[in-house]
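Undergrad: Counting from 1, position 58 in the sequence shown corresponds to residue 69 in the numbering used here; the numbering is continuous, with no gaps. Yeah, the Cβ is synthetic: ideal placement off N, Cα and C, and Gly gets one too.
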Amino acid sequence: MDFRKLHFSDAPNMVVEPPGPKAKEILAEQAEIEGNAVYYPKVLPFVPEEGLGATIRDVDGNTYIDFSSGVSVLNFGHANPYILKSAIGQLKKLSHTLDFPTAARNDLVKRLIRIAPGNLRGNAKVIFGGPTGSDAVEAAIKLAKFNTKRLSVLAFTGSYHGQTNMALSVTAEKKYREHYSPLGPEVHFLPYPNTYRNQFGEDDPKRCSELCINALENAIESPDSGILTPAAIIVEPIQGEGGIIIPPDGFLKGVERIARKNGVTLIIDEIQAGLGRTGKWFASEHYGVNPDVITMAKSIGGVGLPLSGIMYRKKLDTWPPGAHLGTFRGDVVAMSAGAAAIDFAEKYDLLAHVRDMGEHSMKILNDMKSERKYVGDVRGKGLFIGVEMVKDKGTRVPWKEIANKIQSECLKRGLIVWGGGGYGNVLRIMPPLTITKELMEKGLQILSEVMKETEK
Ligand SMILES: Cc1ncc(COP(=O)(O)O)c(C=O)c1O
Numbered sequence: 012m013d014f015r016k017l018h019f020s021d022a023p024n025m026v027v028e029p030p031g032p033k034a035k036e037i038l039a040e041q042a043e044i045e046g047n048a049v050y051y052p053k054v055l056p057f058v059p060e061e062g063l064g065a066t067i068r069d070v071d072g073n074t075y076i077d078f079s080s081g082v083s084v085l086n087f088g089h090a091n092p093y094i095l096k097s098a099i100g101q102l103k104k105l106s107h108t109l110d111f112p113t114a115a116r117n118d119l120v121k122r123l124i125r126i127a128p129g130n131l132r133g134n135a136k137v138i139f140g141g142p143t144g145s146d147a148v149e150a151a152i153k154l155a156k157f158n159t160k161r162l163s164v165l166a167f168t169g170s171y172h173g174q175t176n177m178a179l180s181v182t183a184e185k186k187y188r189e190h191y192s193p194l195g196p197e198v199h200f201l202p203y204p205n206t207y208r209n210q211f212g213e214d215d216p217k218r219c220s221e222l223c224i225n226a227l228e229n230a231i232e233s234p235d236s237g238i239l240t241p242a243a244i245i246v247e248p249i250q251g252e253g254g255i256i257i258p259p260d261g262f263l264k265g266v267e268r269i270a271r272k273n274g275v276t277l278i279i280d281e282i283q284a285g286l287g288r289t290g291k292w293f294a295s296e297h298y299g300v301n302p303d304v305i306t307m308a309k310s311i312g313g314v315g316l317p318l319s320g321i322m323y324r325k326k327l328d329t330w331p332p333g334a335h336l337g338t339f340r341g342d343v344v345a346m347s348a349g350a351a352a353i354d355f356a357e358k359y360d361l362l363a364h365v366r367d368m369g370e371h372s373m374k375i376l377n378d379m380k381s382e383r384k385y386v387g388d389v390r391g392k393g394l395f396i397g398v399e400m401v402k403d404k405g406t407r408v409p410w411k412e413i414a415n416k417i418q419s420e421c422l423k424r425g426l427i428v429w430g431g432g433g434y435g436n437v438l439r440i441m442p443p444l445t446i447t448k449e450l451m452e453k454g455l456q457i458l459s460e461v462m463k464e465t466e467k
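1. With H, G and I counted as helix, E and B as strand and the rest as coil, what does DSSP make of residue 135?
2. Across the region 57–74 and the region 255–270, are there enough close Cβ pairs to call them in contact, namely three or more that are closer than 8 Å?
3. Take residue 75 as the anchor and find which of 465, 466, 462, 443 has the nearest alpha-carbon.
4. Touch check for the region 394–404 and the region 287–294: three-plus C-beta pairs under 8 Å?
5. Just to check, is the beta-carbon of residue 184 closer than 8 Å to a non-hydrogen atom of ligand 1?
6. In the region 37–93, which residue ranges form an unbroken alpha helix (DSSP H) of at least 4 residues, counting only runs that do not cross its ends?
7. Taking the alpha carbon of residue 69 as the point to measure from, which residue in 27, 105, 205 has its own alpha carbon closest?
8. Please list the terminal residues of the continuous alpha helix (DSSP H) segment that includes residue 264.
9. Taking 9 Å as the cut-off, decide whether the C-beta atoms of residue 221 and residue 285 are in contact.
10. If the criterion is Cβ atoms closer than 9 Å, does the pair residue 55 and residue 418 meet it?
11. Can you give the Cα-Cα distance for residue 225 and residue 299, rounded to whole angstroms?
12. Quick one: which unbroken alpha helix (DSSP H) runs of 4-plus residues sit fully inside the region 313–400? Chain order, please.
13. Strictly by DSSP, which residues pair up with residue 305?
14. Straight-line CA distance for residue 246 to residue 33?
15. If you count every other CB in all the chains shown that lies within 10 Å of the CB of residue 376, and 16 or more means buried, which is it?
16. Which residues bound the alpha helix (DSSP H) around residue 152?
17. Measuring only the C-alpha atoms, how far is residue 200 from residue 191?
18. Run through DSSP, which three-state label would residue 255 get?
19. Among the candidates 88, 59, 43, whose CA atom is the shortest distance from the CA of residue 447?
20. Helix, strand or coil for residue 27, going by three-state DSSP, please let me know.
21. Could you tell me whether any non-hydrogen atom of ligand 1 is closer than 8 Å to the CB of residue 140?
22. Given 8 Å as the limit, tell me if residue 174 has its C-beta closer than that to any heavy atom belonging to ligand 1.
23. Starting from residue 414, follow the alpha helix (DSSP H) in both directions and report where the run begins and ends.
24. For my contact list, residue 304 and residue 321 are in at a C-beta cut-off of 8 Å; report their separation, rounded to the angstrom.
25. First and last residue of the alpha helix (DSSP H) that includes residue 114?
26. Could you compute how far the alpha carbon of residue 169 sits from the alpha carbon of residue 388?
27. Is any heavy atom of ligand 1 found at a distance shorter than 8 Å from the C-beta of residue 50?
28. Per DSSP, what kind of secondary structure is residue 198 in: helix, strand or coil?
29. Which whole-angstrom value is the C-beta distance of residue 131 and residue 424, which I expect to be below 8 Å?
30. With 16 as the cutoff for other CB atoms within 10 Å, does residue 472 come out buried or exposed?
31. So residue 437 is in the beta strand (DSSP E); what residue range does that whole segment cover?
32. Excluding the five sequence neighbours on either side, which residues of its own chain have a C-beta within less than 6 Å of the C-beta of residue 499, listed in chain order?
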């Protein structure tokens, strides 16, 4: 397939500076009627109307390149026609069935088991619950507690796992946690190997990883660590909200070794990094790790339809019927879209495309890093790339304001790029995976020009 046909051909094309007149009106109306917690439009005053592939049009007729994919919800592109055909066909027939079987449901489950990471491949069970990523995280932790009859859970610094009570309990970012403590009991955070910014002041990736693994091992095995043997360790294979933090190669294997030795359930949260984003179906595959449970959401609904689930080793399949429920565990439209998305990716070798685009983009971004004073770090796998802004490359003091300024200048020129990182100083480059080389280069060119001008 010629991926060029999947996008608006004129992107980027700005006819009026955003927010244009129609956008202003709609933004004002939203501010009037929706709650104050609405967030994204306060960072980017943008009113989308129609999306296609890696491009998106606003209500005033501006066309943008989308480098954010709804934070990995639209890995297969906005309104992907191949997937839409399947979803619309299903919608006309039947849209909700609780967990009664349907062809679409079985199609998706069989495909997920076929593409599962590590030892789960071809040999796993799947269960759906509520439609969000947080629901999947809740389910994974419940399953681990049920199987181990233990309570405590270990998570990592820099992690993000969602907003519901248990998911928030294992989320490290303090701004989300404060006002709600105590959250779930017996949750402890261990250091994640952020090789650019870690508590050990350790730049060497191997050493940083070893220190983190030692801390985890000590937490679980030392008689006086204060930490009870956990039900689960939950870990992102690459941290997303944390700022695209890519662990050194041995880290996840080390975590797996410690989990196995101590009979602890290893939950790998693939919600943001999974479903092709890194050039493999699941990010944990890069590290040869064997999860006990993985969580999936975001792009699993094919074209942005809400769906989430967990996939786990058969030996953990001990819940009796009805032990884990959720009214929206039966969204067959999302399931049919999810199955079609996997078929689409396999048919057109999307994962190889992602790897090519990722490598090409990393070269361009690394050049930007050497040219620009405030680009401290560039890291990525596939199309999951972080660009970290600092006030000074020596001290690495985070610079959130410049990241925000770059985002808003990019918007004015037709590029949507979202931020991240605990300090809010990381730009996340994560376009729909169907993006063409031409669009990728145009987007990066905008970013480069904006950075150059912002540095003045
Ligand atoms: C790794 C990870 N886990 C869980 C979640 C929570 O998903 P949701 O926002 O759908 O509840 C997110 C959301 O960004 C995520 O990135």
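TA: To lay it out plainly:
1. Numbered from 1 along the sequence shown, position 124 holds the residue referred to as residue 135. Residue 135 falls in the strand class under three-state DSSP.
2. Not touching, per the Cβ criterion.
3. Translated into the one-based positions of the sequence shown, residue 75 becomes position 64. The residue with the shortest Cα to Cα distance from residue 75 is 443.
4. Per the Cβ contact rule, the region 394–404 is in contact with the region 287–294 (3 or more Cβ pairs under 8 Å).
5. Counting from 1 along the sequence shown, the entry for residue 184 is found at position 173. Not one heavy atom of ligand 1 lies closer than 8 Å to the C-beta of residue 184.
6. As far as the region 37–93 is concerned, its whole alpha helix (DSSP H) runs of at least 4 residues are 51–54, 80–83.
7. On the sequence shown, position 58 is the one that residue 69 refers to. Checking every option, the nearest Cα to that of residue 69 belongs to 27.
8. Along the sequence shown, one-based indexing puts residue 264 at 253. First-last of the alpha helix (DSSP H) with residue 264: 262–272.
9. Numbered from 1 along the sequence shown, position 210 holds the residue referred to as residue 221. Numbered from 1 along the sequence shown, position 274 holds the residue referred to as residue 285. Against a cut-off of 9 Å, the Cβ pair of residue 285 and residue 221 comes out as no contact.
10. Within the sequence shown, numbered from 1, the residue matching residue 55 stands at position 44. Within the sequence shown, numbered from 1, the residue matching residue 418 stands at position 407. Residue 55 is a Cβ neighbour of residue 418, given a cutoff of 9 Å.
11. As a working note, residue 225 is residue 214 in the sequence shown. As a working note, residue 299 is residue 288 in the sequence shown. Distance between the alpha carbons of residue 225 and residue 299: 20 Å.
12. Runs found: 343–358, 361–382.
13. Within the sequence shown, numbered from 1, the residue matching residue 305 stands at position 294. According to DSSP, which records beta bridges pairwise, residue 305 is partnered with 279, 322.
14. Working through the sequence shown from its first residue, we reach residue 246 at position 235. Working through the sequence shown from its first residue, we reach residue 33 at position 22. When rounded, the distance between both Cα atoms is 43 Å.
15. Taking the sequence shown and counting its residues from 1, the one referred to as residue 376 is at position 365. Buried: at least 16 other Cβ atoms inside 10 Å.
16. In the sequence shown, counting from the first residue as 1, residue 152 sits at position 141. Counting along the chain, the alpha helix (DSSP H) containing residue 152 begins and ends at 144–159.
17. Within the sequence shown, residue 200 is the residue found at index 189, counting from 1. Within the sequence shown, residue 191 is the residue found at index 180, counting from 1. Cα to Cα, residue 200 sits roughly 17 Å from residue 191.
18. In the sequence shown, the residue the question calls residue 255 occupies position 244. The answer is coil: DSSP assigns residue 255 none of H, G, I, E or B.
19. Taking the first residue of the sequence shown as 1, we reach residue 447 at position 436. Here the closest residue by C-alpha is 88.
20. Translated into positions along the sequence shown, residue 27 becomes position 16. DSSP places residue 27 in the coil class of the three-state scheme, outside both helix and strand.
21. Here residue 140 corresponds to residue number 129 of the sequence shown, with the count starting at 1. Distances taken from the Cβ of residue 140 to the heavy atoms of ligand 1 include none shorter than 8 Å.
22. Locating residue 174 in the sequence shown gives position 163, where the first residue counts as 1. Taking 8 Å as the cut-off, one finds at least one heavy atom of ligand 1 near enough to the beta carbon of residue 174.
23. Taking the first residue of the sequence shown as 1, we reach residue 414 at position 403. Run containing residue 414: 411–423, per the alpha helix (DSSP H) assignment.
24. Looking up residue 304 in the sequence shown gives position 293. Looking up residue 321 in the sequence shown gives position 310. Yes, they are in contact, since the Cβ atoms of residue 304 and residue 321 sit about 6 Å apart, within 8 Å.
25. Indexing the sequence shown from 1 puts residue 114 at position 103. Looking at the DSSP string, the run of the alpha helix (DSSP H) that includes residue 114 is 114–126.
26. Residue 169 sits at position 158 when you count from the first residue of the sequence shown. Residue 388 sits at position 377 when you count from the first residue of the sequence shown. Going from the Cα of residue 169 to the Cα of residue 388 covers about 17 Å.
27. Locating residue 50 in the sequence shown gives position 39, where the first residue counts as 1. Not so, every heavy atom of ligand 1 lies at least 8 Å from the Cβ.
28. As a position in the sequence shown, residue 198 is number 187, starting the count at 1. Residue 198 falls in the strand class under three-state DSSP.
29. For the purposes of this step, residue 131 is identified with residue 120 of the sequence shown, where counting begins at 1. For the purposes of this step, residue 424 is identified with residue 413 of the sequence shown, where counting begins at 1. Rounded, the Cβ-Cβ distance is 43 Å, inconsistent with contact.
30. Limits of the chain in this structure are 12 at one end and 467 at the other, which puts residue 472 out of reach.
31. Here the question's residue 437 lines up with position 426 in the sequence shown. Its beta strand (DSSP E) spans residues 437–440.
32. Shown here, the chain extends from 12 to 467; a query on residue 499 therefore has no answer.
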